[in-house]
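Worksheet: one structure, shown below.
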Amino acid sequence: MRISSAFHNIRLRSKMLMIYFLSVLIPVVLTNVIFYNITTNNVKNQKLKDLSLAIEQMRNEFMYQIDAVVGISSVLYNDSIMNDYLDQRYVDSSDYVLNYHSYITDMLEKYAPVYRAIQNITIYTNNDTIIYGGYVSPISQISPDAEWYKRLISSGTANPILVRNNLSITDPGISIVRRMSSSAGQNNFEKIIKIDLDPGLIKQVLSNVTVEGSVYLLEGDNVQYSSGKKYSEENSENDGIVFDEGFANKEYLMNWHLVGKFQEREVLVEVRKSREFVIYMALPNILVPTLIIVWFTRSLNQRLFRILKQMKRVKNHSFELIDNEETNDEIGQLTTEFNRMTMQIKSLIHDVYMADIQKKELELSRNQSQLHALQSQINPHFLFNSLETIRMRSLMKSEEETAKIIHHMAKIFRKSLSWGRDMVTVRDELDLVESFLQIQKYRFGDKLDYSIEVDPDVATEKIPKMTLQPLVENSSIHGIEPLKNAGFITISVRKSPGGLLCVVSDNGVGMTEEKRNELLQNLYSTEDEIGESIGIRNVYLRLKMFYGEHATFDLESSKGSGTSIRIEIRSL
């Protein structure tokens, strides 16, 4: 539920982007990356396999040529007639020449043209009765420092040995050398067969590769032939691909091996071509869905945003319709229904709300007129008695006291009849109350006394005009006047935790519980008729008008124990 709620709080545009990334972009990219890796790996593996096959083919071809030459050396090695001819001591040179032309020439010359790998065949011997020339040479012509000769002597075997001539490593000068056997019963002379391989043919065999690279023929760690860079330079490069093919099961090639080294960047040219192909294939797969989704998303987002924007205008009482093209999708239907709803709301506001406002204005005007009428009413009985008392007492007393009472009367009239302000300070309201009480005390003499208590902190707070005076008047007339004994009225205004607290209490005759309930019911009644207790109801109505539920009015009274009225205004 929490995940669903969080998803609902994401804006529509963000949701569309999430769908695009999770359902289109990431799957397409992953698919193309996987396809690219598989394709490039396959191309790379195939290329490496082709290189390996090429190196293996070169090794087999080279081994075939060497085997052919070794085979010829074996034929010569085992030829008893030739061995007899070379081991024979000749008294007459003509005998040697006759045998040379009849056998050696025919024997050796038939191999060189047939086997292209053979460049030259030379037989070395220390038989000094032989006339050297042609294919036969004296051993003394061999330099004692010749590497191949040293190896042949140190080997102590008649097996063929593959040796390198003293040529540069870019020319594959390779020879097969071996000792020849001796004929039985003959004086043994030292005989050596040396068959030189054709460097051009061997170079051609070792250069038959379809990719750029270097091929090395090594004996142990010594490079005997190089078709490219130096072997040490190739070893210093870290990105090379190496193929090493040995010559197994060949004793004369046991320590030889063929090494191919290729630069990876050259080998992977085809891989890079496949990479470009994959990229070109991936771009349409990404761009086309992206453009389609952006097009659809923009259409949805713009139309929904237009509806949302218009809804906010409706909230601010702007009832303009959305320019809607006739579309049958859900957004088009939503726009149509929104326009219909806007027209209905506008009609209801003009037909119902405006009529209700007019009704409220009329009712407010009537209540205001009634309030002004209530405010302008002053108890005729009070004015009559007060004026009569002043008249009678002025005849009996000096003018100073009469002037004082007249002063209070003038103050009451002035404050009561100045309707320009609805709100007055607590100090002004209590000043009016004190003037009223002074007049009442003048009437009742010692029968009436009062106390006014006010918190200095609330003296400047404002309350509706004549909030306390009608209550004090009600206590004086209905509470104290019927009382036989002396009466006392207390007015208290102080600050409370909720705001302002006003209490008017007396020790007058009070009222029964039934009378109290009836009075409160009349106060809370919504009827416009004004009956008895006009002063108290006037105060209650004005409190509700100014403060509503923030003002509370409470009345406590019991028969013979007086009355207490409590007003609390919580909006201060």
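For the sequence shown, the residue numbers in UniProt numbering are 1 to 572.
By construction, the Cβ of each residue, glycine as well, lies at the ideal position given by its N, Cα and C atoms.
Can you check which of these residues, the options, is closest to residue i by C-alpha distance?
i	options	result
Y547	I202, K462, G535 and P497	K462
T425	T460, K194, G156 and L500	T460
L541	V97, N485, V504 and M466	M466
R59	L218, I192, D92 and I118	L218
D198	D221, Y216, K191 and N165	N165
M254	T31, M63 and V294	M63
L501	G535, D457 and K484	D457
I286	T31, L348 and R306	T31
H550	K346, L364 and E568	E568
G134	S154, Y96, P470 and L152	Y96
G213	L48, Y20, V24 and M409	L48
G220	N249, K250, L258 and F243	L258
P464	I412, V288, L543 and K441	L543
A54	D446, S207 and N328	S207
residue 574	M423, Y450, I26 and D446	The structure shown has nothing for residue 574, since the chain only spans 1 to 572.
T327	D351, R313 and S299	S299
K191	W256, L98, A355 and A158	A158
Taking 9 angstroms as the threshold (C-beta atoms), are residue j and residue i in contact?
i	j	result
D196	G173	yes
L430	I452	yes
M16	T297	yes
L51	G260	yes
V205	E56	no
E481	F436	no
E264	I241	yes
Y90	I130	yes
F338	Q310	yes
residue 603	S557	Residue 603 is absent from the structure shown; the chain starts at 1 and stops at 572.
P160	Y252	yes
G535	E434	no
V29	A282	yes
I307	I345	no
V140	N127	According to the sequence provided, residue 140 is Ser. The question's Val does not apply to it. It is not a contact, given that the beta carbons lie outside the stated cut-off.
K250	D67	yes
Q438	I477	no
L471	V539	yes
I412	Y450	no
Please report the Cβ distance between residue i and residue j, rounded to the nearest whole angstrom; I am assuming they are in contact, meaning their Cβ atoms lie under 8 angstroms.
i	j	result
F189	L86	7 angstroms
M180	N83	6 angstroms
R537	N517	No, R537 and N517 are not in contact; Cβ-Cβ is about 15 angstroms, not under 8 angstroms.
Y100	I193	In fact, because the Cβ distance is near 16 angstroms, the residues do not count as touching under 8 angstroms.
residue 579	L448	Outside the modelled stretch of the chain, which goes from 1 to 572, sits residue 579, for which no answer is possible.
V269	Y36	Between Y36 and V269 the Cβ distance is about 16 angstroms, and since that is not below 8 angstroms, they are no contact.
G479	S561	With 8 angstroms as the limit, G479 and S561 do not qualify as a contact, their Cβ atoms being about 11 angstroms apart.
T290	V314	Not a contact, Cβ separation roughly 36 angstroms.
At the 9 angstroms Cβ level, is residue i part of the contact set with chain D, yes or no?
i	result
N83	Note that chain D does not occur in the displayed structure, where there is just one protein chain.
For residue i, collect the residues of the same chain with a Cβ closer than 7 angstroms to its Cβ; drop the 5 residues on either side in sequence, then sort them by chain order.
i	result
D554	R566
W148	V163, S175 and V177
T512	K559
S475	I489, V504, D506, G508 and T563
V454	V426, L430 and V493
I322	R306, I307, Q310, T335, F338 and N339
S73	P160, I176, R178, I193 and I195
residue 579	The shown model of the chain, from 1 to 572, leaves out residue 579, and the question about it has no answer.
I142	Y124 and Y149
Looking only at its own chain, which residues have a Cβ that is under 8 angstroms from the Cβ of residue i, when we skip the five neighbours before and after it?
i	result
I202	F62, Q65, A117, P172, I174 and Y225
V69	Y115, A117, I118, I176, I195 and L197
S236	Note that S236 has pLDDT 45, beneath the 50 cutoff, so the model's placement of it is unreliable and the number below is only indicative. Contacts found: none.
Apart from the five residues on each side of it in sequence, which residues of its chain come closer than 6 angstroms, Cβ to Cβ, to residue i?
i	result
R570	G498, G499 and H550
W419	Any reading at W419 must be qualified, since the residue scores a pLDDT of 48, below 50, and its modelled position is unreliable; no value is offered.
G293	According to the sequence as given, residue 293 is Ile; it is not Gly. Same-chain partners within the cutoff: Y20.
Y132	P138
K441	L448
Nearer than 8 angstroms: is that true of the beta carbon of residue i relative to any heavy atom of the ligand FAD?
i	result
Y77	Questions concerning the ligand FAD fall outside what the structure shown contains, since it holds no ligand whatsoever.
Please list the segments of the alpha helix (DSSP H) lying wholly inside the region 450–528, counting only runs of 4 or more residues, in order along the chain.
Counting whole runs of 4 or more residues, the region 450–528 contains the alpha helix (DSSP H) stretches 469–474 and 513–524.
With a floor of 4 residues, list each alpha helix (DSSP H) that falls wholly inside the region 64–152, ordered by position along the chain.
80–87, 93–99 and 105–109, all fully within the region 64–152.
For the region 301–359, list the alpha helix (DSSP H) runs that are entirely contained and at least 4 residues long, ordered along the chain.
330–348, all fully within the region 301–359.
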